[in-house]
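Each remark here refers to the structure printed beneath this line.
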Amino acid sequence: MITDEQRSARGLRTVGEILELAAAGTVVLDPYSVLVGSRVRFGEGNVLYPGVVIECDQDSECILGSGNTLLPGTFITATGGAEVSIGSNNRIGEGGARITANQPGKNVTIGDNTRLSSGPLILGPAELGDGCAVLGQITAQQVELSGGADGSHPDPDHRGAVLKGFGTARKLTLKVGEVVNGSGDFADAPIERQRAYHPDAPKLP
1 MITDEQRSAR GLRTVGEILE LAAAGTVVLD PYSVLVGSRV RFGEGNVLYP
51 GVVIECDQDS ECILGSGNTL LPGTFITATG GAEVSIGSNN RIGEGGARIT
101 ANQPGKNVTI GDNTRLSSGP LILGPAELGD GCAVLGQITA QQVELSGGAD
151 GSHPDPDHRG AVLKGFGTAR KLTLKVGEVV NGSGDFADAP IERQRAYHPD
201 APKLP
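Its first residue numbered 1, the sequence shown is counted upward by one per residue in the UniProt record's numbering.
Structure follows, in structure tokens:
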């Protein structure tokens with residue numbers, strides 16, 4: 001089968017191997033439009049929507065935990081000896097998202113219960129802790145977002161750090177409960193408490 005030969009030549013799973021992945025518990029809604037590298041490792045119960053691409057060359061690592069939802073327009077690539085590590089119960093790619101690690105040591109690490117939506121580009125090195133979010137057409141590199149509760153937690157002071165808006169965020173470190181709402185160079189935007197956007201939220205211990 002020509003399609004399978006072309007996939008194998010690029011280090012991707014064949015259609016049959018995608019179906020085997022589905023039989024093992026990954027929800028693959030359209031096996032013909034999903035492209036997944038043969039070295040990509042999955043936990044249990046992940047959901048891959050049509051158009052998802054996950055590449056990983058022979059020198060690199062790409063690991064996903066369990067219960068992640070990857071929506072159309074999600075593109076993840078680990079090349080050149082780099083690593084992409086994604087935890088569990090993340091929602092990635094609503095409106096598109098790219099995650100790229102392409103040099104040794106310039107890894108991307110994403111915790112649990114995060115959200116990446118509306119077109120962000122995450123470039124290694126980058127570390128997103130539990131409950132963090134990157135929302136918008138943001139190029140994020142050399143960022144460290146501290147983990148906390150996810151966006152559904154009633155007290156925003158306990159939530160993971162957030163980047164939102166559009167533009168470029170580099171060499172940026174945020175603590176739990178902080179947010180930068182950028183428009184252009186995020187270095188020019190203030191670091192705020194998420195509570196500023198939720199003034200009536202309860203204050204919990």
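Where a beta carbon is used, it is the ideal one built from N, C-alpha and C, also for glycine.
DSSP state of residue i mapped onto helix, strand, coil
| i | result |
| --- | --- |
| P154 | coil |
| residue 207 | One cannot answer for residue 207 here, as it falls past the ends of the chain, which runs 1 to 205. |
| S8 | helix |
| V143 | strand |
| A187 | helix |
| R13 | coil |
| T79 | coil |
| E20 | helix |
| T3 | helix |
Unbroken beta strand (DSSP E) run spanning residue i, endpoints
| i | result |
| --- | --- |
| E83 | 83-86 |
| E55 | 53-56 |
| L71 | Looking at the DSSP string, L71 is not in any beta strand (DSSP E), and its letter there is neither H nor E. |
| R91 | 91-94 |
Contact set for residue i: own chain, Cβ-Cβ below 6 angstroms, skip 5 residues either direction
| i | result |
| --- | --- |
| I92 | L70, T74, L116 |
| G65 | G43, G87, S88 |
| P72 | Y49, P50, G51 |
| E94 | L71, S117 |
Chain-order list of residues whose beta-carbon lies under 7 angstroms from that of residue i (same chain, five-residue window excluded)
| i | result |
| --- | --- |
| S60 | A78, T79, G80, G81, A82, E83 |
Short CB-CB distance (under 8 angstroms) between residue i and chain D
| i | result |
| --- | --- |
| L29 | The structure shown has no chain D; it contains just one protein chain. |
Counterpart residues of residue i in DSSP-defined beta bridges
| i | result |
| --- | --- |
| K164 | L135, N181 |
| R170 | Q141 |
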